[in-house]
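Numbered by this note's numbering, the letters in the sequence shown go through residues 1 to 330 in order.
Beta carbons are placed, not taken as given, at the ideal position from N, Cα and C, and that holds for glycine.
These notes are about the structure you will find just below.
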Amino acid sequence: LLRLSDSIYYTLYEKFFPVTGKSLNSSHFESLFRPDVRRWRERIIQRYRKPGNEEYLLLIPCSATKPYSRSPSHRYFHSLIEKSGKHVHEVIVTSPLGLVPRELEYTYPAAHYDIPVTGRWYGEEREFTIQMLEDYIRLNRYRGIIAFLPDDLLFLKDFLDGVDAISIFGNLRSEENQRALLEALSSIGYVRESLADRINSISRFQFGVEFPLDGKRITRRYDEIMIYESDEMYIHFHPMNGKILLGKGGAEYIASRNIYTVEIDNFTPKGSIFVSGIRSSTEDIREGDEVAVVRNGEVIGTGTATMCHEDMESQEHGEAVRIRRIFSSS
Numbered sequence: 001l002l003r004l005s006d007s008i009y010y011t012l013y014e015k016f017f018p019v020t021g022k023s024l025n026s027s028h029f030e031s032l033f034r035p036d037v038r039r040w041r042e043r044i045i046q047r048y049r050k051p052g053n054e055e056y057l058l059l060i061p062c063s064a065t066k067p068y069s070r071s072p073s074h075r076y077f078h079s080l081i082e083k084s085g086k087h088v089h090e091v092i093v094t095s096p097l098g099l100v101p102r103e104l105e106y107t108y109p110a111a112h113y114d115i116p117v118t119g120r121w122y123g124e125e126r127e128f129t130i131q132m133l134e135d136y137i138r139l140n141r142y143r144g145i146i147a148f149l150p151d152d153l154l155f156l157k158d159f160l161d162g163v164d165a166i167s168i169f170g171n172l173r174s175e176e177n178q179r180a181l182l183e184a185l186s187s188i189g190y191v192r193e194s195l196a197d198r199i200n201s202i203s204r205f206q207f208g209v210e211f212p213l214d215g216k217r218i219t220r221r222y223d224e225i226m227i228y229e230s231d232e233m234y235i236h237f238h239p240m241n242g243k244i245l246l247g248k249g250g251a252e253y254i255a256s257r258n259i260y261t262v263e264i265d266n267f268t269p270k271g272s273i274f275v276s277g278i279r280s281s282t283e284d285i286r287e288g289d290e291v292a293v294v295r296n297g298e299v300i301g302t303g304t305a306t307m308c309h310e311d312m313e314s315q316e317h318g319e320a321v322r323i324r325r326i327f328s329s330s
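This is how it looks when you write it as C-alpha cells:
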C-alpha cells in the first residue's frame with residue numbers, strides 16, 4: 001500500500017519531502033519508491049552532468065560506511081587509483097539510489113541511507129539500475145569506461161559490453177583483479193582535476209544551474225571548496241552540510257534566475273522569516289534548500305528553507321526560512 005501510494009502520489013508527496021536529513025532507513029524494498037529516493041534518481045538524470053573535465057568513468061560498488069570515501073573498501077580503491085597515477089571520475093553503483101557520483105557522496109540522502117550489503121539485487125532493483133546507467137551514459141559522454149564491480153552486479157555486464165567498457169568482476173581484492181584494474185587505468189589518458197567543473201556539477205544537482213565562475217578565485221581544504229569574488233565569499237561547499245551555501249554574489253545569481261528565492265516584505269529579518277512576512281517564493285523550494293532572500297528587488301541575505309513553497313504560500317503561521325546571513329547595505 002505504501003509503495004502504491006508513493007508511486008501514484010509522487011508528484012504531490014515529493015514537494016513535502018525535505019532535501020536534507022539525518023538518516024534514511026532503506027532496508028526495505030519499498031524504499032525504492034520513496035519520494036526523496038526517486039527525486040535523487042530523477043535529478044541525477046534530469047539535472048546533473050559530470051564535471052566537464054572528466055573523460056574516463058570508473059564504476060565501483062557502494063559500502064556500508066557513509067560517506068563512502070571513509071570506508072576501507074573505497075580507501076583501497078583510491079590506493080589503486082593513486083598507484084596508477086591517473087585521474088578518473090568515480091561513480092558508485094548502489095541501491096536504492098542507483099548511481100552516486102563521487103562529488104555528491106556528502107549530499108542527502110547519499111551520505112545518510114542505511115542498507116544492509118547482502119549482495120542480493122531484486123528484479124526491479126536490477127531494472128532500475130540498468131535503465132539509470134543507460135540514461136546516465138547517454139547523457140554524460142566519456143572517452144572510456146571501466147567497471148570494477150563484485151559478482152552481484154554481473155547483471156550489468158551485457159550493458160557494459162555494449163558500450164565497450166573494460167569490465168572487471170569478482171573478488172575486487174584479489175591480486176588478479178588488482179592487476180586488471182591497474183592495467184585498465186594505465187591504458188587511459190591523463191586528465192587534470194578541475195574544482196570549477198566539480199562545483200558546477202554539484203550546483204546543477206542542487207540548483208539546476210551552473211554558476212559563472214570565470215575570473216573567480218577557487219580554493220580547497222580537503223573536500224571543502226570555497227569560491228571568492230574579489231575577497232568576498234561567492235559560494236561555499238562544505239561536506240558537513242553536503243550542499244552549496246550561498247554568498248552574496250551566488251545569491252544574486254540565483255535570484256536573477258528566479259530560482260530558490262524568497263521575497264519578503266519591507267523589514268530586516270533577524271534569525272528567522274515567518275510566513276506572515278513573505279510576499280512570494282519560487283516553486284522549486286523544498287524544506288532544507290538554500291535560498292536567496294530578496295527585499296524590494298535587492299538580495300539582502302541567504303537562509304535555509306524550513307518549509308516548502310506550497311506551505312510558504314498556504315500556511316498562516318510558522319517559520320519559513322532560517323536566516324544564514326544578512327548582507328550589509330552597500
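Chain-order list of residues whose beta-carbon lies under 6 angstroms from that of Q206 (same chain, five-residue window excluded): On the sequence shown, residue 206 is found 206 positions in, with the first residue counted as 1. Result list for Q206: K243, I244, in chain order.
Is there a Cβ of chain D sitting closer than 7 angstroms to that of D114, yes or no? The question asks about chain D, but that chain is absent: this structure has only one protein chain.
Can you tell me the Cα-Cα spacing of L1 and C62, whole angstroms? What you label residue 1 is simply residue 1 of the sequence shown in a count that begins at 1. What you label residue 62 is simply residue 62 of the sequence shown in a count that begins at 1. Model confidence at L1 stands at a pLDDT of 44, short of 50, so the residue's coordinates are unreliable; what they give is reported in the following sentence. In this structure, the alpha-carbon of L1 lies about 29 angstroms from that of C62.
Can you give the Cα-Cα distance for E316 and T268, rounded to whole angstroms? Within the sequence shown, the letter at position 316 stands for residue 316. Within the sequence shown, the letter at position 268 stands for residue 268. Rounded to the nearest angstrom, the gap between the Cα atoms of E316 and T268 is 20 angstroms.
Spatial neighbours of E347 in its chain, beta-carbon cut-off 7 angstroms, leaving aside the 5 residues before and after: Summary: the structure shown does not reach residue 347, with the chain confined to residues 1 through 330, and so no result is reported for it.
What is the DSSP secondary structure of E90, counted as helix, strand or coil? By 1-based counting over the sequence shown, the position of residue 90 is 90. If DSSP states are grouped into helix, strand and coil, E90 belongs with the strands.
Reference R324; option with closest CA among A255, W121, K248: Along the sequence shown, read from residue 1 onward, the residue named residue 324 stands at position 324. Out of A255, W121, K248, K248 has the C-alpha closest to the C-alpha of R324.
Which of helix, strand or coil DSSP assigns to V209: Residue numbering aside, residue 209 sits at position 209 when the sequence shown is read from its first letter. The DSSP-derived three-state label of V209 is coil.
Grouping DSSP H, G and I as helix and E and B as strand, with all else coil, what is R324? Counted from its first residue, the sequence shown places residue 324 at position 324. Of the three classes helix, strand and coil, the one that applies to R324 here is strand, per DSSP.
Length of the line joining the Cα atoms of M240 and R41: Counting from one through the sequence shown, the residue named residue 240 turns up at place 240. Counting from one through the sequence shown, the residue named residue 41 turns up at place 41. M240 and R41 have their alpha carbons spaced roughly 22 angstroms apart.
Since Y56 and V163 are thought to touch, with beta carbons under 8 angstroms apart, how far apart are those beta carbons, to the nearest angstrom? Locating residue 56 in the sequence shown gives position 56, counting from the first residue. Locating residue 163 in the sequence shown gives position 163, counting from the first residue. That belief does not hold up - the Cβ atoms of Y56 and V163 are roughly 13 angstroms apart, past 8 angstroms.
Can you find the residues in the same chain that come closer than 7 angstroms, C-beta to C-beta, to Y10, ignoring five residues on each side of it along the sequence? In the sequence shown, counting from the first residue as 1, residue 10 sits at position 10. Excluding sequence neighbours, Y10 sits near P35, R38.
Have a look at R217 and P51 and give me their C-alpha separation to the nearest angstrom. The sequence position of residue 217 within the sequence shown is 217, counting from 1. The sequence position of residue 51 within the sequence shown is 51, counting from 1. The alpha-carbon atoms of R217 and P51 are separated by roughly 18 angstroms.
Just to confirm before moving on: does the CB-CB distance between M312 and S281 stay below 7 angstroms? The sequence position of residue 312 within the sequence shown is 312, counting from 1. The sequence position of residue 281 within the sequence shown is 281, counting from 1. If you check the CB distance, M312 and S281 come in under 7 angstroms.
If distances are taken between C-alpha atoms only, which option among S71, R47, Y108, P101 comes closest to D289? Here residue 289 refers to the residue found at position 289 when the sequence shown is read from its first residue. Nearest option by C-alpha distance: Y108.
By a C-beta neighbour count over all protein chains shown, 10 Å radius and 16 as the cutoff for buried, is E156 buried or exposed? Position 156 of the sequence shown, counted from the first residue, corresponds to residue 156. Per the sequence presented here, residue 156 reads as Leu, with Glu not at that position. Within 10 angstroms of the beta-carbon of L156 lie 16 or more other beta-carbons, which makes it buried.
May I ask you to report which of helix, strand or coil DSSP gives A110? The count along the sequence shown starts at 1 and reaches residue 110 at position 110. Residue state, collapsed to three classes: coil.
Residues bridged to T302 by DSSP? Counting from 1 along the sequence shown, the entry for residue 302 is found at position 302. Under DSSP, T302 shares a beta bridge with A292, R325.
Looking only at its chain, what residues have a beta carbon closer than 7 angstroms to the beta carbon of Y234, apart from the 5 residues adjacent to it on each side? The sequence position of residue 234 within the sequence shown is 234, counting from 1. Excluding sequence neighbours, Y234 sits near K216, I227, Y228, G247, G249, G250.
Hey, is the stretch 255-266 in contact with the stretch 292-305, meaning 3+ C-beta pairs nearer than 8 angstroms? Verdict: yes, contact present.
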